[in-house]
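Reading through the structure tokens given below for one structure.
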Amino acid sequence: MGGLRQSRGTFPPREKKRPRRMIAPLEEDNFRKTAADSSCGFKAVNTLYRNSLSCGAVGTTQADLIANGETGEPLLVQNLLSSIMSLRILCALLFSLIAQTEQDGHPVPIEEVKLYSEEPYCASSDCGAWVLNVTWRDKFAENNEYEKVSYDIVVLRTEQMTTVHNETIHVMPDKTSYYHWKWTSPIPLQCTSHSVKLRRHNEHDVGEWTPLYTHEGQDINAAKTTIYPRDQVFMVGSNVTFCCIVETDKVPLSKFLNRISNRTYITEPIPYKESDVPNIHCCVEGNSSGSSVFIAYPPDDQNLTCITRNLSSVECHWETGRKTHLHGDKKTSYTLNGRDCKLDNKCVIRAETKQVTKWTLIAKNPLGVKTLTDTADPTHRVWLRAPSDISHDAYARNVSLWWHWNEENYALLPMICQVNLSGRIYNETFNGVGLSSIVLKNLQPFVKYTAQVRCGSLKHFYKWGDWSKITEFSTKEDIPEAVDVWIHYSEQNTSVLWKPLTQQQSHGIITGYEITIENPKDASRKIYKELNTQLCYNITSGNEESDRIIRVSAKNSAGLSPPSTIIIPSYPDNEVDISLISSSNGSFEMSWEEYPYSTCGYVVEWFPTYKKTQCAVEWKKISECDTCAFDSWNQSGAIKEGVRYTVSVYACTDDSPKLLKRSEGYAIEKQPGKVEHLEAKNKGRNVELSWAEVPLEQQNGFIQGYKVITLLSGSETINNMVLIKEPQVNLKLDPGSYTFRVSAFTSGGEGDYAATTMKVENSNDQMITATIVGCSAATLVFIIITVLCHRKRKWLKKLLYPDIPEPKLAGKWITKGIYCTQMTEGYIKCEIQEVHGLEHPAMSESLHGLDLISSNSKVVPAQHFYKNFSESPADVSYCPVEKLTSVIENPSYNMTILDSFDVAQIFDLTLEMQDAYLPAPNFVQNNFVVKDSYKPQSASPTNA
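Here you go:
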């Protein structure tokens, strides 16, 4: 990075412009060495003369002349003249060369080149130098040339001859000026030597490079390992390159990896993003070195404001802004109008009063400079100091305050003052020249106050000054205010009540009350009472013929308050219907009709309905009633939860108060108390429960009903639950042991329950009644059935038990048949026999009369035998072997046998081994074929 500037200097007067001729650079150098000071003066003559004497330019020395016996004076003159002639010839030749050079237009060499480093803002000499300054002069530049002159500048690292920067600059020619160019190096200049060369050129020609001009680094003479930079300040966000200079033939062991000279190594650029004080070390065998740098911010001060506090000096304040993170000798320094400031945000200098003044603040640290200015007339920026030594003189309703000023210049200053009275700004300000006292009015008697005072300039108000110290005082007592009085009627007594005065109303310490009772018709009956702290007074109601006037006053050390008056009527109208009052959000809502004779508003009175005490009455006076409604009032917790109140509305008249409305209710209902006297009566399975209502004082709300829960004894299982409104209930339960729980509930919740236990059993009367009723019903049914059966006996006999005639056999008949005999229970024995029928054999006779020839015998289970026959045993008593047909003839009865079928088929399916026994069905009870005779109606069952 480079920059250029010109420096003014003194040069010989410019000669007339001559034609130019080019000369070689070598000739130009020889010329500069021979005639560097002037054109052809006596100094050059003396130089040439000394050279001729020393070198034998004339050929004969002065010693030789003396030795030859000659005087040397003529010869010396000759030699001097000869030298002058030679010098004139040489001067003419030189001027000719210069003129020729200027004529040909070739740039002349640059002279007086100087290199130096810019000293860093650092107290230590080891800080890194980063800026290289180069100055030079062009002697032959013409001031009146309008075209810019260009210079090429090259910067190299001397030891390795490495180019690190090159730049071309353009300036206006001026031979009386020094040109100044600066360049910022990426590494400290102490790290290694840097060389610079320059040349001049224009549009047509380019001059020769100047010789190298070198700025030496510390790597030439360093005797130990050294790091640059050190103890230097950099801005946050900078990239810093460190270098380490080591001894010859040694190499650092840490971050220094890039070599730029025989003894110098550098790091890569290290970024620093935050404020810090980082350390870096260069470790070399047998030796090491370290360095610390500071990463910080430049000044960022703002808002310079200058004011005067004593009218003789100016005090300037400013905001320091962002923290720089610099301390000690590196922290920001401040100067105000050229004067050093000792504090970081405040500076005081002498003021020039009644004159607009400009103040300039310069904040400077190693990273930059910040300049702030402010302009004002000090008299327009007066900030007064606090008053001192405040005193007071207090009365009942006012106080006087005095104070002093510590600044003499305030005595003639018009000012305005303000008072802070007990934490609030007093509603009045005070003006005056050099104001030092004020009076505060309309204060409360017997009250402790605190006061502070501050003032400001009245003519050119700038801002309020500082508050004074706090002073405390108390006002004196004054007579109390009138008390709020009321009357309350209770049965045969009338009570006069009044509210205690607040601290602001009492104006002191209340020592007692005075009450006066007067009869307007009889002044001699005036009663006077003095009470201490009592807030009510009972007046016995008698047979008063006229109203009574009650006056009540409060008393303190300053005297009595104005009396409060109320009239008690001789016959108070205290009878109205009581209604229930509604509540909302913990308050009562009352409304009433406007009373036409009301002259001073209305009074709302309330008190606990069931907890009557002498002074338990509250009231509120309503001066105006636009809507004739009094809504949602709750006087500082006077309305309690779960308490029943009686609320009354009175009209305030010129005479005694007039009762307009009275209601009762709860502002907030709560859970009621426990029911009492729970009893249970058992009437068989019917249980009657009864209990007493919750006492009025414990209801805590309007009772909405009762909850009756029936439980099995020893269990929490609910058997039955009933909600009722009356304090009794009838329950019908099964026999068993039960527990009954009864509780009342309101809108505020359910109260505690009362419990009782009872065992339910069946009643003897009920059992007897049930038995008699059951037996009577059974008897009646039996009689009815008997009567019906008797009347219909023939029809029933025919239907259920018809008569069966005896069969008769005609003629003789022989056939094969099956003869079956029941053997054991469940088995029958059947035989196929030839039967020789006799004429009219009797079926009731024994079968021994028949000639039975047994041909085969089988034992068959009864179920197979009866499988395809009729269930009636009479139908299967005798069957032919070949075909079963109607073979029995009887004049009066023919027995119909089932359709013919092959008996052999039956035996093929059912007969078992001969003489085998199989179980027979249980229903087979009779022998189907008997030997003697056939008696179907009288056959007795046979057990096997």
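Taking the working numbering, I'd label the letters of the sequence shown as residues 872 to 1815.
Here a beta-carbon is modelled for each residue, glycine too, at the ideal position from N, C-alpha and C.
These numbers were taken from a predicted model, which means no experiment stands behind them.
Tyr1516 is bridged by DSSP to Pro1479 and Gly1536. Setting aside the 5 residues that flank it on each side, Tyr1408 is surrounded in the same chain by Val1367 and Ile1386, each with a C-beta closer than 6 Å to its C-beta; the list follows chain order.
Sixteen is the threshold: when 16 or more other Cβ atoms of the shown chains lie within 10 Å of the Cβ of Tyr1205, as they do, the residue is buried. With respect to Leu1594, Val1558 sits apart: the two C-beta atoms are not nearer than 8 Å.
Distance from the Cα of Gly1209 is smallest, within the candidate group Pro1140, Thr1242, Lys1201 and His1198, for Thr1242. Only buried fits Lys1201, as 16 or more other CB atoms lie within 10 angstroms of its CB.
In terms of CA proximity to Ala1425, Gln1405 leads the group Glu1139, Ile1437, Ile1410 and Gln1405.
Thr1033 is bridged by DSSP to Arg1028. Closest option to Lys1229, judged by alpha-carbon separation, among Val1185, Asn1236 and His1263: Val1185. For Lys1046, the secondary structure class from DSSP, reduced to helix, strand or coil, is coil. Contact check for Val1474 against Pro1528 passes: the beta carbons are separated by less than 8 Å. Looking at Gln1289, Asn1571 and Asn1073, the one whose alpha-carbon comes closest to that of Gln1542 is Asn1571. Taking one beta carbon from each stretch, the segment 1162 to 1179 and the segment 1093 to 1108 have 3 or more pairs nearer than 8 Å; the two touch. Judged by DSSP secondary structure, Trp1666 falls within the alpha helix (DSSP H) whose first and last residues are Arg1664 to Leu1671. By the Cβ criterion, the segment 1603 to 1618 is in contact with the segment 1574 to 1582, since at least three pairs of Cβ atoms, one from each stretch, lie closer than 8 Å.
Taking a C-beta distance under 8 Å as the contact criterion, Trp1274 and Asp1260 qualify as a contact pair. For Leu1292, same chain residues with a beta-carbon under 7 Å away, outside a window of 5 residues either side, are Leu1311, Tyr1320 and Ala1322 in chain order. With 16 or more neighbouring CB atoms inside 10 Å of its own CB, Trp1357 falls in the buried class. In this structure, DSSP gives Leu1003 an extended state, which the three-state scheme calls strand. A distance of 8 Å or more separates the beta carbons of Tyr1281 and Ile1178. Residues Phe1105, Val1107, Tyr1143, Ser1146 and Asp1147 of the same chain have their beta carbon placed closer than 6 Å to that of Ile1166, with the five preceding and five following residues left out of the count. Taking all protein chains shown into account, Gly1199 has fewer than 16 neighbouring C-beta atoms within 10 Å of its C-beta and is therefore exposed. Taking C-beta atoms under 8 Å as the contact rule, Ala1625 and Leu1549 qualify, at a distance of about 4 Å. Across the structure, Trp1052 and Thr1006 are spaced so that their CA atoms are roughly 6 Å apart.
The three-state reading of DSSP puts Ala1649 in helix, counting H, G and I together. Exposed is the label assigned to Ser1584, since fewer than 16 other Cβ atoms lie within 10 Å of its Cβ. Taking C-beta separations shorter than 6 Å and ignoring five residues to either side along the sequence, the partners of Trp1477 in its chain run Glu1489, Tyr1516 and Val1518, following chain order. Ranked by how close their Cα comes to the Cα of Ile1574, the residues Lys1554, Lys1545 and Glu1587 have Lys1545 in first place. Under the 10 Å beta carbon count, Ala1563 is surrounded by fewer than 16 other beta carbons and is classified as exposed.
Looking only at Leu1582, His1072 and Lys1217, the smallest Cα-Cα distance to Thr1039 is reached by His1072. Straight-line measurement puts the Cα of Cys1114 at about 12 Å from the Cα of Cys1154. Between the alpha carbons of Glu1156 and Lys1121 lies a gap of roughly 8 Å. Scanning its chain for C-beta atoms nearer than 6 Å, with the 5 sequence neighbours on each side dropped, one finds around Arg1533 the residues Val1447, Ile1449 and Ser1519, in chain order. One alpha carbon belongs to Trp1369, the other to Gln1375, and they sit about 17 Å apart. Annotation: the continuous beta strand (DSSP E) that includes Gln1103 extends over Gln1103 to Met1106.
Ranked by Cα distance from Ala1353, the options Phe1344, Trp1054, Leu1670 and Leu1431 are led by Leu1431.
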